[in-house]
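What follows is a short report on a single structure.
Numbering (mature numbering (1 follows the signal peptide of the UniProt record, and there is no 0)), first residue to last: -21 to -1, 1 to 322.
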């Protein structure tokens, strides 16, 4: 299979990689992007390089999740830095990939993450959820803000803008790379495999079920300012037309998670994506112990048990979520940094 060669290349690249310098500390501040019509204000955080020594605090407090050290609201280091936008998975939030954001900031990146209205921990209004085309537009607006009216505009290198997305955030990234939603093609696929997770979710959310919504979903949602993409165990590959996937002309790093504990099927998701992408621009990595939830933060000791007690069924997101996950994070951070720095 084609993905096997990408897996080998990815492993060799990681084995050959040298340790990345971390010349900065990670700073963090709140991010607000207002909607002129007041209907879709965005909020989240920016992580960025700083020379400030401290005081260091944790980026967030949680009984389940281990935070990372940041210097909150510190002065940015004086330079122009590559800019990365992150997008989390279904019903997550801007904290989901804080572990990656902080690490990239220490290596000289400015990183932004917002909570998408309708598909976040705190915003699940069905009408907003149905408007899935707004997710890529949220990222577009964050880039507009960061390179325009933001206080960080003077520090952002607008020629080096990147994006990383996990799960539904990976779907969002692929749309921004130029893939086009294909409602008819998805229906045909789901008619033959109705039990696939993405089919059930997109149907339950009533995605593209009216002519107006279908037109919104199938429009070109790409953003040419984004130079390269990292996609983490995405869902929804089969909703994109194969022709549009073949025409993506920007570099894409795809991680597949062979421990399929989320309900996603790797053969029709990450492996299918890498098989459809042009070989010249794509890199595939599939570490044998990687699971879908390893792209979330590291769990504290007792986090698994706490979730099992308070949210039965959700404890799976903390399975092997401690030291083992931290080691996988380092592998992912190195691969993403290498990929973006060479794209």
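From the three backbone atoms N, C-alpha and C, an ideal C-beta is built for every residue, glycine too.
Short check: CB of residue 308 to CB of residue 44, under 8 Å?
no
Please state whether the Cβ-Cβ distance between residue 201 and residue 269 is less than 8 Å.
no
If you draw a straight line from the C-alpha of residue 247 to the C-alpha of residue 48, how long is it?
37 Å
How many angstroms separate the CA atom of residue 12 from the CA atom of residue 119?
11 Å
Suppose contacts are defined by Cβ-Cβ distances below 8 Å. Is residue 215 in contact with residue 75 by that definition?
no
Distance, residue 4 Cα to residue 32 Cα:
7 Å
Helix, strand or coil at residue 86 according to DSSP, with G and I counted as helix:
coil
Let me know if residue 34 comes out buried or exposed under the rule of 16 or more other beta-carbons within 10 Å of its beta-carbon.
exposed
Please state whether DSSP places residue 308 in a helix, a strand or coil.
helix
Tell me the residue span of the beta strand (DSSP E) that contains residue 145.
135 to 145
Please report the distance separating the alpha-carbon of residue 286 from that of residue 237.
24 Å
Buried or exposed for residue -17, going by 16 or more other Cβ atoms inside 10 Å?
The pLDDT assigned to residue -17 is 42, lower than 50, so where the model puts this residue is not dependable, and the model offers no usable value.
For residue -14, which residues of its own chain have a beta-carbon under 7 Å away from its beta-carbon, when the five flanking residues on both sides are left out?
Unreliable placement is indicated for residue -14, whose pLDDT of 45 sits below 50; the coordinate value is still reported in the next sentence. Excluding residues within five positions, none has a Cβ falling inside 7 Å.
Can you give me the Cβ contacts of residue 242 inside the same chain, cut-off strictly under 8 Å, excluding the 5 residues immediately before and after it?
176
Quick one: using the 10 Å Cβ neighbour count with 16 as the cut-off for buried, is residue 130 buried or exposed?
exposed
Compute the Euclidean distance between the alpha carbons of residue 126 and residue 290, then round it to the nearest angstrom.
40 Å
Alpha carbon to alpha carbon, how far is residue 108 from residue 185? Give it in angstroms, no decimals.
9 Å
Rounded straight-line distance, which links the Cα of residue 198 to that of residue 151:
13 Å
Can you tell me whether residue 11 is helix, strand or coil according to DSSP?
strand
Provide the residue span of the alpha helix (DSSP H) that contains residue 190, from first to last.
190 to 197
Neighbourhood of residue 300 by C-beta, 6 Å cutoff - its chain only, sequence neighbours within 5 removed:
278
If we call anything under 8 Å between Cβ atoms a contact, is residue 207 one with residue 62?
no
Just verifying my parser: in three-state terms, what is the DSSP assignment at residue 81?
helix
Give me the Cα-Cα distance between residue 46 and residue 171, rounded to the nearest whole angstrom.
43 Å
Note down, in chain order, each residue of its chain lying with its Cβ closer than 6 Å to the Cβ of residue 39, except the 5 sequence neighbours on either side.
46 and 74
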